[in-house]
Amino acid sequence: MTSAALLLDTSLEWDRTPVCSFMMEETDTTLLDAAELGLAFENEALTHLDRLYSAALRMTRNPADAEDLVQETYAKALRGRDSFKPGTNMKAWLYRILTNTYINSYRKAARSPQMSGEEEVTDRQLARAASHDSQGLRSAEMEALDNTPDAAVAEAMAGLAENYRLVVYLSDVEGFSYKEIATIMGTPIGTVMSRLNRGRAQLRKSLADYAADRGIGGARA
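67 is the number that the working numbering gives to position 65 of the sequence shown; each next residue is one higher, with no gaps.
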């Protein structure tokens, strides 16, 4: 019998069930694995929600703007989750999205958040809220913030240039390494170290000036 005749012979029975069943099972397994990975990604991402909000509040200095920034960050993270490599530092990955979103949306738009007295959040409150899991590795600057009135801390931090303020926050409050901060901000490690040193120096001087004006400690720095 020729190949053509073989194909046209309806008397022959072809058992396609095993092949179809295997394909369906493989497809179902793939979909299930994808769903589980997606759920795991979302669950892990949500564990960083509070810390991201604290960082967003530091950047925008307005609760409503901070919420919008975090929502936009998570929306971008979910859309781009295929670019995240499982097993790597998700916290740093999310902070990079947060920082880039802030720079591209809020800073470039030169937004000036409006804050009422009831909504105002002090720098010391932010620092304390964000440092609870820093594993005890708190800088001298963080200790100084704890012992300085809120108004002085707010003034000192607000007086830092934005690039310095962000680096100081990521290092001394969030506990990121130089390498992680460089990845988050998209800058060389040397630049991060330079900005951190200058930011800390300015912060120390501001706090020293505050103390000297009130007769606390030694002479003015």
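From the three backbone atoms N, C-alpha and C, an ideal C-beta is built for every residue, glycine too.
Excluding five sequence positions before and after Phe178, the CB atoms of its chain that fall closer than 6 Å to its own CB belong to Leu172, given in chain order.
Here DSSP, grouped into helix, strand and coil, assigns Lys181 to helix. Cβ atoms of Leu54 and Thr75 come within 8 Å of each other, at about 6 Å. Residue Leu209 holds the alpha-carbon nearest to the alpha-carbon of Leu162 among Ala47, Lys78, Asp84, Leu209. Separation of Ser107 and Glu164 (C-alpha to C-alpha, rounded to the nearest whole angstrom) is 15 Å. DSSP, read as helix, strand or coil, puts Pro65 in helix. Annotation: the continuous alpha helix (DSSP H) that includes Thr103 extends over 92–103. One Cα belongs to Glu182, the other to Asn64, and the distance between them is close to 26 Å. Counting along the chain, Val175 sits inside no alpha helix (DSSP H), nor does DSSP assign it H or E at all. Counting the other Cβ atoms within 10 Å of the Cβ of Asp84 gives fewer than 16, which makes it exposed. Going by beta carbons, Ala184 and Val194 fall inside the 7 Å limit.
Look at Leu162 here: in three-state DSSP terms it is coil, with no helix or strand label.
Here the C-alpha atom of Ala57 lies approximately 10 Å from the C-alpha atom of Leu71. In summary, Leu100 is buried, with 16 or more beta-carbon neighbours lying within 10 Å of its beta-carbon over all protein chains present.
DSSP places Phe86 in the coil class of the three-state scheme, outside both helix and strand. In the structure shown, Thr75 adopts helical secondary structure according to DSSP, grouped into three states.
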